[in-house]
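In the numbering used here, the protein residues as written are 450 to 618. The beta-carbon is built from N, C-alpha and C at its ideal position, and this holds for glycine as well. Below: the structure, in structure tokens.
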């Protein structure tokens, strides 16, 4: 007996992006809910995992505490809250120029030649940085460092000194 040749789907792209999975392999939506257990501590009913939910610096923080034990969840919540208090949100707004000025004050006790070399690198940083000296520190990417260093023609030693100085700053 001959079987009919398999038919191709009309639109192969749809088949590639939306493959047909058997029903038992598809992930179903969980019907769990968050139950408040204590202040800032919630438990997800379907898996029993505890979550922290609190406000820090004007933002709501929601994180899994990755435990199903209430005592360890409370310890983790206390540690997490304390950790968030130690972070100064204003430091994220620090610009490259301000950071260079701060760093310059910390290197004044070093030998004069070292201070001279580091001052030259910081002056180059402030004047020739690809996105400007007013760039926030949190916005700097490794590609910006590579672009900045590539603007200069010097040997491997100077290149490494410039890269190391960026890391120190």
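8 Å Cβ shell around residue i - same chain, five flanking residues per side excluded
| i | result |
| --- | --- |
| residue 531 | none |
| residue 523 | 487 and 490 |
| residue 610 | 566 and 570 |
Rounded distance between the beta-carbons of residue j and residue i, thought under 8 Å
| i | j | result |
| --- | --- | --- |
| residue 574 | residue 545 | 7 Å |
| residue 519 | residue 499 | 7 Å |
| residue 612 | residue 594 | 7 Å |
Simplified DSSP assignment, three categories, for residue i
| i | result |
| --- | --- |
| residue 484 | strand |
| residue 511 | strand |
| residue 505 | strand |
| residue 555 | helix |
| residue 575 | helix |
| residue 550 | helix |
Within-8 Å CB hit, residue i to chain C
| i | result |
| --- | --- |
| residue 578 | Judged by its chain identifiers, the structure shown contains no chain C, having just a single protein chain. |
Buried versus exposed, by CB contacts within 10 Å (16 or more), residue i
| i | result |
| --- | --- |
| residue 491 | buried |
| residue 599 | exposed |
| residue 509 | exposed |
| residue 528 | exposed |
| residue 462 | Legend: pLDDT at residue 462 = 49, less than 50; position of this residue unreliable, no value from coordinates given. |
| residue 627 | Outside the displayed span of the chain (450 to 618) sits residue 627, for which this structure offers no information. |
| residue 501 | buried |
| residue 542 | exposed |
Same chain, Cβ closer than 6 Å to residue i, five either side skipped, listed in chain order
| i | result |
| --- | --- |
| residue 505 | 533 |
Which residues DSSP lists as bridging residue i, in chain order
| i | result |
| --- | --- |
| residue 492 | 484 and 499 |
| residue 585 | 544 |
Same chain only: Cβ atoms within 7 Å of residue i, ignoring 5 sequence neighbours per side
| i | result |
| --- | --- |
| residue 482 | 494 |
| residue 579 | 593, 596 and 597 |
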